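Only one structure is covered here, and it is reproduced in the block below.
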Amino acid sequence: MLIIGELINTSRKVVKPAVEQRDAVFIQELAKKQVESGAHYVDVNCGTMVHDEVETMEWLVRTIQEAVSAPLCIDTPRTEAMEAGLAAVKNGQPMVNSITAEKERYVAVLPLVLKYKAKVIALCMDDTGVPTSAEQRITIVKKLVGDLTAAGVPEDDIYLDPLVTPISTGDNCGNDVLDTVRFIRKEFPLVHAACGLSNVSYGLPNRKILNQAFMIQTMDAGMDAYILDPLDKAMMGFVYASQALLGQDSFCVQYLTAHRKGLYD
Numbered sequence: 001m002l003i004i005g006e007l008i009n010t011s012r013k014v015v016k017p018a019v020e021q022r023d024a025v026f027i028q029e030l031a032k033k034q035v036e037s038g039a040h041y042v043d044v045n046c047g048t049m050v051h052d053e054v055e056t057m058e059w060l061v062r063t064i065q066e067a068v069s070a071p072l073c074i075d076t077p078r079t080e081a082m083e084a085g086l087a088a089v090k091n092g093q094p095m096v097n098s099i100t101a102e103k104e105r106y107v108a109v110l111p112l113v114l115k116y117k118a119k120v121i122a123l124c125m126d127d128t129g130v131p132t133s134a135e136q137r138i139t140i141v142k143k144l145v146g147d148l149t150a151a152g153v154p155e156d157d158i159y160l161d162p163l164v165t166p167i168s169t170g171d172n173c174g175n176d177v178l179d180t181v182r183f184i185r186k187e188f189p190l191v192h193a194a195c196g197l198s199n200v201s202y203g204l205p206n207r208k209i210l211n212q213a214f215m216i217q218t219m220d221a222g223m224d225a226y227i228l229d230p231l232d233k234a235m236m237g238f239v240y241a242s243q244a245l246l247g248q249d250s251f252c253v254q255y256l257t258a259h260r261k262g263l264y265d
C-alpha cells in the first residue's frame with residue numbers, strides 16, 4: 001500500500017501564506033509529520049501560485065528534501081513547474097501527478113516521465129472528458145497502459161486513477177470506480193491503482209464516514225495507493241486494519257505497530 005501525503009498544497013488556507021512567506025520551518029514540519037504518520041510519498045502542489053509557480057515549486061522541493069528523505073510527488077498541471085520540481089528532486093524515485101489520455105497533456109508530460117524515470121499517476125480521462133461509466137474508464141485504462149508501456153514506462157511505475165466522482169451525482173459513481181479497479185487488478189496485475197477519496201462524498205453530510213467506507217471498499221477491489229491526509233488517525237487506522245483483514249500485512253505487523261504507537265487510542 002502506497003500512501004501519498006496530500007497536505008502540502010497551496011489551495012489549503014494554512015499552507016498558502018506559509019509558502020508565500022517562504023516559511024521553511026512550517027513546510028518542513030508538515031512534511032515530517034506526514035512521513036512520521038505513514039506517508040510514503042509527499043505530494044507537492046503549488047498550483048495556486050499562478051505568477052511564480054516554477055520558482056515556488058523549486059523552493060518547495062528543496063525545502064522539503066532538507067527535512068525528509070521520503071520521495072516526492074510533483075503535482076501540477078503546468079509542465080514547466082513539473083520539470084522544475086523533477087529537476088530539483090534528489091531523494092528516491094519521483095512521482096508525476098499526473099498524465100492523462102488527452103493528446104495534448106499526454107504529449108507534454110510523457111517526455112518528463114521518461115527523462116526523470118518517474119512513477120506516474122495516469123488519470124482515466126481523454127479528449128472526450130471525464131468518463132461517465134466503468135466501460136468508458138476501462139477503454140481509457142487499456143489505452144493508457146498500452147501507450148505508456150510501449151513508450152518504455154514499466155508497468156510497476158504506472159498508477160491508474162479511475163477518477164472518483166461524487167455519489168451525490170449518480171447512483172453508479174461508486175460502483176464505476178470499483179468495477180474499474182477490479183478490471184485493472186485482473187488484466188494488469190503489475191499496474192497499480194491510485195485515487196484521492198474526498199470527491200466521492202462531495203455535497204453530502206458526514207463526509208469522513210463516506211470517505212472511510214469507500215477506502216475500505218476500494219482496497220478490497222484492489223486499490224493499492226491513496227492520496228490522503230496521513231494525519232487523519234481514523235483514516236490511517238482503517239488503512240492498517242483493512243490491510244490486515246485482506247491478508248496484505250504479514251502476521252499483522254503493521255497493524256500491531258500502529259496499535260503500539262497509539263493510533264487507535
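Residue numbers for the sequence shown, in UniProt numbering: 1 to 265. All C-beta atoms, glycine included, are put in the ideal place defined by N, C-alpha and C. No experiment lies behind these values; they were computed from the predicted model shown.
At the level of alpha carbons, what is the spacing between residue i and residue j?
i, j, result
"C173", "P131", "10 Å"
"N91", "D126", "32 Å"
"A87", "E135", "37 Å"
"K208", "A84", "35 Å"
"L30", "V44", "11 Å"
"P71", "K16", "22 Å"
"D265", "G237", "10 Å"
"H40", "D224", "12 Å"
"A258", "V107", "42 Å"
Starting from residue i and walking both ways along the beta strand (DSSP E), at which residues does that stretch end?
i, result
"I99", "M95 to T100"
"C73", "L72 to D75"
"G5", "L2 to G5"
"D249", "Taken as a continuous stretch (DSSP letters only), D249 belongs to no beta strand (DSSP E), as it is neither H nor E."
Mind reading off the beta-carbon distance from residue i to residue j? Whole number of angstroms is fine, and I expect it under 8 Å.
i, j, result
"K119", "Y159", "6 Å"
"I8", "L60", "7 Å"
"L228", "M235", "6 Å"
"A81", "I99", "That belief does not hold up - the Cβ atoms of A81 and I99 are roughly 15 Å apart, past 8 Å."
"I184", "G222", "7 Å"
"V113", "V96", "5 Å"
"V164", "V177", "6 Å"
Let me know the secondary structure DSSP gives residue i once reduced to three states.
i, result
"N199", "helix"
"Y41", "strand"
"D116", "Looking at the sequence shown, residue 116 is not Asp but Tyr. It is coil, neither helix nor strand."
"G92", "coil"
"N9", "strand"
"H259", "helix"
"G85", "helix"
Looking at the secondary structure, which residues open and close the alpha helix (DSSP H) in which residue i lies?
i, result
"Y159", "Unbroken run through Y159 is the beta strand (DSSP E), I158 to D161; no alpha helix (DSSP H)."
"E66", "Neither: E66 is in no alpha helix (DSSP H) and is coded neither H nor E."
"C173", "C173 to E187"
"E135", "A134 to A151"
Is there at least one Cβ from chain B nearer than 7 Å to residue i's Cβ?
i, result
"E29", "This model lacks chain B altogether; it includes just one protein chain."
In chain order, what are the residue ranges of uninterrupted beta strand (DSSP E) at least 3 long that sit wholly in the region 212-237?
Here the runs fully enclosed are 225-228.
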